[in-house]
Amino acid sequence: MTAERPDLRRVVVVGASLAGLRAAETLRRKGFTGELILVGDERHPPYDRPPLSKGFAAGAVSVEALRLRQVADLDATWRLGERAVSLDPQARVVGLNDGTHLPYDGLVIATGARPRRLPGLPDQARGLHLLRTLDDAVRLRTELVGEARVVIVGGGFIGAELASTARELGLSVTIVTPLPMMVTALGPLAEAAAERARRHGVEVVEGAGVTGMVVDDGCVRAVELSDGSTVAADVAVVAVGVIPNTDWLIGSGVRIESGVVCDATLAVCEAPDVVAAGDVACWPHPALRGELLRLEHWTNATEQAAAAAERLRTGSGPAFATVPSFWSDQYGIRLQGIGLPGRADSVDVVDGDPAGDRFVAEYRRDGELVGAITAGSVKALLPYRRELMRRFASAAGEMVPAQ
Amino acid sequence: MRIGLDTDLCQAYGNCLLAAPDVFELTDATPVATLLQERPDESRRAAVEEAVQSCPVQALTLLDQ
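These protein sequence lines are chains A and B, in that order. If you read the first sequence in the numbering used here, its first letter stands for residue 1, the second for the next number, and so on. If you read the second sequence in the numbering used here, its first letter stands for residue 1001, the second for the next number, and so on.
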């Protein structure tokens, strides 16, 4: 085990969701005995977000079941319901919204992301929803009842999964998406996602944006599309991606691109003894030859947080050359992927039918394997994972150490 | 180290299998993961820790005794 830096007495973790919790756990598990403080802007202790668009939205999963298990001896100070508003990396101080200044020796940035809003829509209306937090999901699920007509704006993971959930509940569902459904995840196989949704009774309108909403008496009545048509709605969910929570870092000197910019080892470039992990972080993945990558996968939040925490604790670390993985449960099938299929320029379906219950697809970029996706056959991913691990590790070995 | 697998929680995501295929198994015959080894060698710790952390439903625990 690499030795811990003796000057690391107090670590502040900003963000108390999956990445923040896993970073804190890793610090303790690896032997950090100093003071540990977690700051989270939600009042809830860490909980699991993936079920919010699936079992929780359907009413099949309780709030209690969402709680993320914590190692018993985390021995941390929790500052929940508080928000970081500033960072001074030279003085090593995080400012909170109540005026508190938290000095640190080491800092983990894990502030995640928030849903993107669409211009032209009201800030609030009964029936209008974003979906990111437990509170969002509680509000939403009380309206996914009866004969509600549901319009989902956006065809990514959240939109696609929520459509499946709403159909399970017997509701009528329309997806409006300017991009092909699930295109970021599936690339050229995106067509299969729309086909699957349609087969399960979802109206899918691709290539159209949303320009406005008809609101009457404070309630959503219809969604207005860019082609001039309107779709009647009792519930409208806007799920058009997320914005990393980096506003609090403005003025700190920390570089922001698609997220907080880290070096290959997950150290934040302009700030000594600061690391970042999860949805908020971007870093040059060795396999992408210096191109910055930001991931929103559950599995990345946990794995990246562990790597970032160890980087912070020891003061050095290897390039983070993870083989990403993700899943999505829809209509009783489970899509599972590894690698970076979103960066591919070609795809080969080597088994099954991508719109069906069982398939395996290989994704390549410039002729080289970059990822694989399956439904119903997770074991088929094993050889691809081995190859990607080998390939990514070798790319990491070729990188100039960024210290 | 010893691995605990809660088969009531397991939903056969198979992330554990991807992380440590010599320790975990998933077949069409069972709806949940199974352990090929309950006490893997210490040399497999990193892979097993990855498996435990990558379980989407927290069905795995690592006991150090």
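Each residue gets a CB set at the ideal place from its N, CA and C atoms; glycine is no exception.
Legend entry - Residue from A:Ser-258, A:Ala-267, A:Ala-232, A:Ile-333 whose Cα sits closest to the Cα of A:Lys-54: By 1-based counting over the first sequence, the position of residue 54 of chain A is 54. A:Lys-54 has its Cα closest to that of A:Ile-333, out of A:Ser-258, A:Ala-267, A:Ala-232, A:Ile-333.
Legend entry - Residues that A:Arg-22 contacts on chain B, provided the C-beta gap is smaller than 8 Å: Working through the first sequence from its first residue, we reach residue 22 of chain A at position 22. Gln-1053, listed in chain order.
Inset, instruction - Along the alpha helix (DSSP H) that carries A:Asp-136, what are the first and last residues, could you check? - result: As a working note, residue 136 of chain A is residue 136 in the first sequence. DSSP places A:Asp-136 inside the alpha helix (DSSP H), whose first and last residues are 134-141.
Inset, instruction - Excluding the 5 residues preceding and the 5 following B:Val-1023 in the sequence, name in chain order all residues of the same chain whose CB lies nearer than 8 Å to its CB. - result: As a working mapping, residue 1023 of chain B is identified with position 23 in the second sequence. These residues qualify, in order along the chain: Ile-1003, Cys-1016, Leu-1035, Leu-1036, Gln-1037, Pro-1040, Arg-1044, Ala-1047, Val-1048, Ala-1051.
Inset, instruction - Tell me where the alpha helix (DSSP H) around A:Gly-20 begins and ends. - result: Walking along the first sequence from the start, residue 20 of chain A turns up at place 20. Its alpha helix (DSSP H) spans residues 18-29.
Legend entry - Same chain, Cβ closer than 8 Å to A:Arg-83, neighbours up to 5 away in sequence not counted: Along the first sequence, read from residue 1 onward, the residue named residue 83 of chain A stands at position 83. In the same chain as A:Arg-83, and ignoring 5 residues on each side of it, the C-beta atoms closer than 8 Å to its own belong to Val-39, Asp-41, Leu-96, Asn-97, Trp-248, in chain order.
Inset, instruction - Evaluate contact between the region 147-155 of chain A and the region 303-316 of chain A, counting only Cβ atoms and requiring at least three cross-stretch pairs below 8 Å. - result: no
Legend entry - Below-8 Å beta-carbon distance, B:Gln-1037 vs any chain A residue: As a first step, residue 1037 of chain B is located in the second sequence; it is residue number 37 there, counting from the start. Residue-level contact check: B:Gln-1037 does not touch chain A, since none of the beta carbons of chain A fall below 8 Å from its beta carbon.
Legend entry - Buried versus exposed call for B:Ser-1054 [16 or more other C-beta atoms within 10 Å across all chains shown]: To locate residue 1054 of chain B, count along the second sequence from 1; it is residue 54. Buried: at least 16 other Cβ atoms inside 10 Å.
Inset, instruction - Using only alpha-carbon positions, find the residue among A:Gly-342, A:His-297, A:Glu-303, A:Ala-321 that is nearest to A:Met-399. - result: Reading the first sequence from its first residue, position 399 is the one you call residue 399 of chain A. Among A:Gly-342, A:His-297, A:Glu-303, A:Ala-321, the Cα nearest to that of A:Met-399 belongs to A:Ala-321.
Legend entry - B:Pro-1021 at chain A interface by Cβ criterion, 8 Å: Translated into positions along the second sequence, residue 1021 of chain B becomes position 21. By this cut-off, B:Pro-1021 is an interface position.
Inset, instruction - Please classify A:Arg-196: is it buried, with 16 or more other beta-carbons within 10 angstroms of its beta-carbon, or exposed? - result: Here residue 196 of chain A is taken as the residue at index 196 of the first sequence, counted from 1. A:Arg-196 should be labelled buried.
Inset, instruction - Decide if A:Ser-346 is buried, meaning its Cβ has at least 16 other Cβ atoms within 10 Å, or exposed. - result: Residue 346 of chain A sits at position 346 when you count from the first residue of the first sequence. Its Cβ having fewer than 16 others within 10 Å, A:Ser-346 is exposed.
Inset, instruction - Closer than 6 Å by C-beta to A:Ala-402: which residues in its own chain qualify, once you throw out the five before and the five after it? Chain order, please. - result: To locate residue 402 of chain A, count along the first sequence from 1; it is residue 402. In this prediction, A:Ala-402 scores a pLDDT of 46, lower than 50, which makes its location untrustworthy; the coordinate-derived value is nonetheless stated afterwards. Hits under 6 Å: Asp-263, Ala-264.
Inset, instruction - Compare the C-beta of A:Ala-396 with all C-beta atoms of chain B and state if any pair is closer than 8 Å. - result: The count along the first sequence starts at 1 and reaches residue 396 of chain A at position 396. Closer than 8 Å: no.
Legend entry - Within chain A, partners of B:Leu-1018 - CB distance below 8 Å: Position 18 of the second sequence, counting from 1, holds the residue named residue 1018 of chain B. Those within 8 Å of B:Leu-1018 in chain A are Ser-325, Ile-338, Val-378, Leu-381, Leu-382, Arg-385.
Legend entry - Completely contained beta strand (DSSP E) runs for the region 251-279 of chain A, where each covers 3 or more residues: 274-276
Inset, instruction - State the Cα-Cα distance for the pair B:Ala-1020 and A:Leu-80, rounded to the nearest angstrom. - result: Start at 1 with the first residue of the second sequence, and residue 1020 of chain B comes out as number 20. Start at 1 with the first residue of the first sequence, and residue 80 of chain A comes out as number 80. So the alpha carbons of these two residues sit roughly 35 Å apart.
Inset, instruction - Assign A:Arg-49 to one of two classes, buried (16 or more other C-beta atoms within 10 Å of its C-beta) or exposed (fewer than that). - result: Translated into positions along the first sequence, residue 49 of chain A becomes position 49. It is buried - the Cβ of A:Arg-49 has at least 16 other Cβ atoms within 10 Å.
Inset, instruction - Could you work out which residue in A:Tyr-47, A:His-44, A:Leu-335 is closest to A:Ala-190 when comparing CA atoms only? - result: Against the first sequence, residue 190 of chain A aligns to sequence position 190. With distances taken between Cα atoms, A:Ala-190 lies closest to A:Leu-335.
Inset, instruction - Ignoring anything shorter than 3 residues or poking outside the region 347-384 of chain A, list the beta strand (DSSP E) runs there in chain order. - result: Fully contained in the region 347-384 of chain A are the following beta strand (DSSP E) runs of length 3 or more, in chain order: 359-365, 368-375.
Inset, instruction - Verify whether the separation of the beta carbon atoms of A:Ser-258 and A:Gly-112 is less than 8 Å. - result: Here residue 258 of chain A refers to the residue found at position 258 when the first sequence is read from its first residue. Here residue 112 of chain A refers to the residue found at position 112 when the first sequence is read from its first residue. Going by C-beta atoms, A:Ser-258 is not nearer than 8 Å to A:Gly-112.
Legend entry - chain B contacts from the region 286-300 of chain A (Cβ-Cβ distance under 9 Å): Trp-298, Thr-299
Inset, instruction - May I ask you to verify whether the region 341-357 of chain A touches the region 375-383 of chain A, counting CB pairs closer than 8 Å and requiring at least 3? - result: yes
Legend entry - Pairwise C-alpha distance: A:Trp-283 and A:Ala-308: To locate residue 308 of chain A, count along the first sequence from 1; it is residue 308. To locate residue 283 of chain A, count along the first sequence from 1; it is residue 283. If you take the alpha carbons of A:Ala-308 and A:Trp-283, they lie about 11 Å apart.
Legend entry - Residue environment, A:Val-63, which counts as buried when at least 16 other CB atoms sit within 10 Å: In the first sequence, counting from the first residue as 1, residue 63 of chain A sits at position 63. Its Cβ having fewer than 16 others within 10 Å, A:Val-63 is exposed.
Inset, instruction - Taking only the alpha-carbon atoms, compute the straight-line gap between B:Leu-1018 and A:Arg-385 and give it to the nearest angstrom. - result: The residue you call residue 1018 of chain B lines up with position 18 of the second sequence. The residue you call residue 385 of chain A lines up with position 385 of the first sequence. The alpha-carbon atoms of B:Leu-1018 and A:Arg-385 are separated by roughly 7 Å.
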